[in-house]
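The structure appears below as structure tokens.
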Amino acid sequence: MTRERLTRWLVAGPPFVFMVVFFVLPALIMVAASFRIPGEHGGLAPLHEHGAWQLTPETYAFFFSDFIYTEIFLKSFLVAALTTFLCILMAYPLALLITRVPKRFRDVMILLVVLPFASNFLIRVYAWMIILGPQGALSAAVNRVAGAFGLEPVALLFSPVAVVVGMVYVHLPFMVLPLYTNLEKHDPLLLDAAQDLGANAWQRFWRVTWSLSLPGVYAGSALVFIPVLGMFAVPDILGGTGDILIGNLIKEQFLGTRDWPFGSTLSIMLTLMVLASAALAMRLARRSLAHA
Amino acid sequence: MALLELRHLTRRFGGIAAVDDVSLGIEAGEFFTLLGPSGCGKTTILRMVAGFDLPDGGAILLDGHSLADIPPEKRPLHTVFQSYALFPHLSVADNVGFPLRMARVPAAEARRRVADMLDTVHLADKADAYPHELSGGQKQRVALARGLVGKPRLLLLDEPLGALDHKLRSAMQSELIALQRNVGITFIFVTHSQPEALALSHRIAVMNAGRIEQLGTPAEIYGHPRNRFVADFIGDINLFDAEIVERAQGTLQFAVAGLGHIVAPTVDSPGRRGVFAIRPEQVHIIAADAPTELPNRFPGTLREFLYVGDVTTYQVELDSGVRIQALLPNAAPARPQLAAGARVAVAWAGDAGLFLHD
Ligand SMILES: Nc1ncnc2c1ncn2[C@@H]1O[C@H](COP(=O)(O)OP(=O)(O)OP(=O)(O)O)[C@@H](O)[C@H]1O
Ligand SMILES: [Mg+2]
């Protein structure tokens, strides 16, 4: 009994300490920082000065005082939701295809899905600058079509479209893998049973395959939605001046205007929203997982 | 006209015929069984009838119309799979209601029919449970209910009792008979268990290597197997190579390897060589010196016996060295008290046993 307990502590101990030191403490420091006053040259002003504690909820008031911040949050959520949706749309058929090809091709296809991870993330995003750039074949093709309909030429690069394209590209594997893991476990006999009982192709997909894959869809969505919310590199490289998302805003507070308290406040707001959406996703997932 | 007719049905896998020129007709309301050893093509026939596999030759007709161009989801028949294939994400009620939903039966009527069906299979209290919360027998009944609720013309059952333990299996057999009688739906039942086939079926097709060896009622199949394979496959039987020596009034004289001459019932078809087959329960064991009117009587030594509760089977080694099996109910008043090594005699009537051509 005591030995068992000791083992348990030995196993759980190191990760526990790691989480406290590198997650809980920084989070608390961030909460504290959000109530402090920015230093004259960036950083934080002394905590105790002029015979008083220098703490204020001002940054929170400031967040809500200007609608631009709420707007950036909303826009970020929109981009994250759109990216997640497009990832599902593209990853689902791909994952389904991988489960249906002969076994010896499957590993190769999975390897191809994760292969981009082998090269640097920034280089891959920069590559999209060339693909979407004004000299690119894609731009030319799009504008030829636009021209045929009598529309003004459009720029693909440095636009919200480029941001979403980049986001989808970067996060697609995180949707494909959980979907594949889920779809691969489905019993093919269930589709036969459904067909035998009168289900046509669409009903078989919707009532059996899709329903059974919901846990995978939720897992993939969490893996895409949450990182997209905080991503600043893609909008930085592919977005225009107006395409700032939460990630850029926070980065700007720490590296640009050097307003650490406001940066902390933004981070806390983001964390709260991520937690809220993660809780929602988990509730949905648990409901469908319970019977899988 | 038969409800379902198979005409020269053939299916080959890589040159080998899994189903080889099978023709049969199944009447409405019948409990029809395909019986045969593993790999004889039973599942392949069911899959072709359900539409999941296409014949290489022959035709499948329902009410006289070919099913060839009708996809599985449009065929008015349902299947109960051996592994049940229940939808894990749907409750029992939703599983059973699935075919009604696909057929766009109005919700209120569907609910009523599902409730009725669950009552019939004694699962009314499990309507909201999920498949992983059910026992094997309960899953089995959900699968049956799901197959029956849409009132198909035909229900195909592929070894539906295979995964159940012995006791549950017997219980489900009785339920299955009652259920089939109540709903009046034609069953095509697949099994490789001959006692199960005998107990359940109106008619049985005994299959071997893709062909039908014999088609008949359980009594016909058991009492008059048509050849060595059927005789051997259905129940225990003693088989001896035999040759006809003389035909006389109603009986034949045989030269049987290891037995000498015996008297046995006549056969209509000609031919001299074949097997003599006799069921263990037709063989009597009597004291070595006891008199008997039975025409076939051979002395021997009791070698082993196997007590299985209701009956005992005896292995007797005849003086010629041939072994023969006899079976006696333990409740029989004349059951001899015997020990291994005892001198006994076996005897049987002149109208017992069968001569089968090879
Ligand atoms: N898809 C297939 N491809 C190749 N061979 C097959 C296929 N399906 C069945 N067979 C072969 O056809 C023969 C009959 O198979 P089938 O499944 O019909 O047997 P069965 O009578 O149902 O046996 P069991 O009692 O073991 O279920 C077997 O030899 C099997 O190997
Ligand atoms: Mg089979």
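Quick note, the sequences are listed as chains A and B, same order. Residue numbering for the first sequence follows this note's numbering, starting at 678 and increasing by one per position. Residue numbering for the second sequence follows this note's numbering, starting at -10 and increasing by one per position. Note that CB positions come from ideal geometry on N, CA and C, so glycine has one too. This structure is a prediction, so every number in the text was calculated from the model and none was measured.
(1) Among residues of its own chain, excluding the 5 on either side of ARG130 of chain B, which ones have a beta-carbon nearer than 6 Å to its beta-carbon?
(2) In whole angstroms, what is the alpha-carbon distance linking PHE265 of chain B and VAL245 of chain B?
(3) So with Cβ pairs under 8 Å, would you call ASP869 of chain A a contact of chain B?
(4) Determine which residues share a DSSP beta bridge with GLU293 of chain B and list them.
(5) By a C-beta neighbour count over all protein chains shown, 10 Å radius and 16 as the cutoff for buried, is ALA704 of chain A buried or exposed?
(6) Count the C-beta pairs between the region 940 to 951 of chain A and the region 876 to 887 of chain A that are closer than 8 Å, then say yes if the count reaches three, no if not.
(7) So does THR206 of chain B have its beta carbon nearer than 7 Å to some heavy atom of ligand 1?
(8) Tell me, please, whether the CB atom of ASP873 of chain A is closer than 8 Å to any CB atom in chain B?
(9) Please enumerate, following chain order, all residues with a beta carbon closer than 5 Å to at least one heavy atom belonging to ligand 1.
(10) Sorted by chain position, which residues of the same chain lie with C-beta nearer than 7 Å to PHE20 of chain B's C-beta, five sequence neighbours on each side aside?
(11) Under 8 Å, Cβ to Cβ, is there at least one residue of chain B near ASN859 of chain A?
(12) Can you tell me whether DSSP reads THR858 of chain A as helix, strand or coil?
(13) Compare the C-alpha of VAL901 of chain A against each of A:ASN797, A:GLY827, A:HIS848 and name the closest.
(14) Would the beta-carbon of GLN183 of chain B fall within 8 Å of that of GLY224 of chain B?
(15) Of all the beta strand (DSSP E) runs that stay within the bounds of the region -3 to 67 of chain B, which reach a length of 3 or more residues?
(16) Helix or strand or just coil, what does DSSP make of HIS155 of chain B?
(17) Counting along the chain, where does the alpha helix (DSSP H) carrying ARG682 of chain A start and finish?
(18) Less than 7 Å between the CB of ARG147 of chain B and some heavy atom of ligand 2, yes or no?
(19) Are the region 914 to 929 of chain A and the region 758 to 773 of chain A touching, with three or more C-beta to C-beta distances below 8 Å?
(20) Taking the alpha-carbon positions, what's the ASN285 of chain B to ASP308 of chain B distance?
(21) Taking the Cβ atom as the reference point for each residue, do ARG(-4) of chain B and LEU79 of chain B lie within a distance shorter than 8 Å?
(22) What do you reckon, are the CB atoms on ALA116 of chain B and ALA82 of chain B nearer than 8 Å?
(23) Which same chain residues end up closer than 7 Å to PHE41 of chain B when comparing Cβ atoms and leaving out the 5 residues on each side of it in sequence?
(24) Looking at the structure shown, is PRO141 of chain B part of a helix, part of a strand, or coil, going by DSSP?
(25) Within 8 Å of any Cβ in chain A, is that where the Cβ of SER72 of chain B sits?
(26) Are the Cβ atoms of VAL333 of chain B and ALA276 of chain B separated by less than 8 Å?
(27) Which residues of the region 874 to 899 of chain A have a Cβ closer than 9 Å to any Cβ of chain B? Give them in chain order.
(28) So which residues on chain A does PRO288 of chain B lean against when the C-beta distance must stay under 9 Å?
(29) From the DSSP output, in three-state form, read off GLU202 of chain B for me.
(30) Would LEU906 of chain A count as contacting chain B if we go by Cβ distances under 8 Å?
(31) Any C-beta of chain A within less than 8 Å: which residues of the region 166 to 192 of chain B qualify?
(32) Could you name the residues that DSSP lists as bridge partners for LEU316 of chain B?
(33) Going by DSSP in three states, PRO262 of chain B sits in which element: helix, strand or coil?
(34) If SER711 of chain A and PRO938 of chain A are in contact, beta carbons under 8 Å, what's the gap, nearest whole angstrom?
Working from what's here:
(1) VAL110, LEU112
(2) 8 Å
(3) yes
(4) Note: GLU293 of chain B sits in a beta bridge opposite B:GLN304.
(5) exposed
(6) no
(7) no
(8) Yes, ASP873 of chain A counts as interfacial toward chain B.
(9) That gives B:PHE2, B:ALA7, B:SER27, B:GLY28, B:CYS29, B:GLY30, B:LYS31, B:THR32, B:THR33, B:HIS181.
(10) GLN169, PHE176, PHE178, LEU189, SER190, HIS191
(11) no
(12) DSSP places THR858 of chain A in helix when its eight states are reduced to three.
(13) A:HIS848
(14) Yes; because the gap between Cβ atoms is below 8 Å, this pair is in contact.
(15) 5 to 15, 20 to 24, 46 to 51
(16) Shown here, HIS155 of chain B sits in a helix according to DSSP, grouped into three states.
(17) 679 to 696
(18) Residue 147 of chain B is actually Asp in this sequence, not Arg. For ligand 2, at least one heavy atom lies less than 7 Å from the Cβ of ASP147 of chain B.
(19) no
(20) 14 Å
(21) no
(22) The Cβ-Cβ distance between ALA116 of chain B and ALA82 of chain B falls below 8 Å.
(23) PRO61
(24) coil
(25) yes
(26) yes
(27) LEU874, GLY875, ALA876, ASN877, ALA878, GLN880, ARG881, ARG884, VAL885, SER888, LEU889, LEU891
(28) None at all; the shortest Cβ gap to chain A is about 58 Å.
(29) It is a strand residue.
(30) no
(31) none
(32) B:THR302
(33) According to the sequence provided, residue 262 of chain B is Arg. The question's Pro does not apply to it. ARG262 of chain B falls in the strand class under three-state DSSP.
(34) 6 Å
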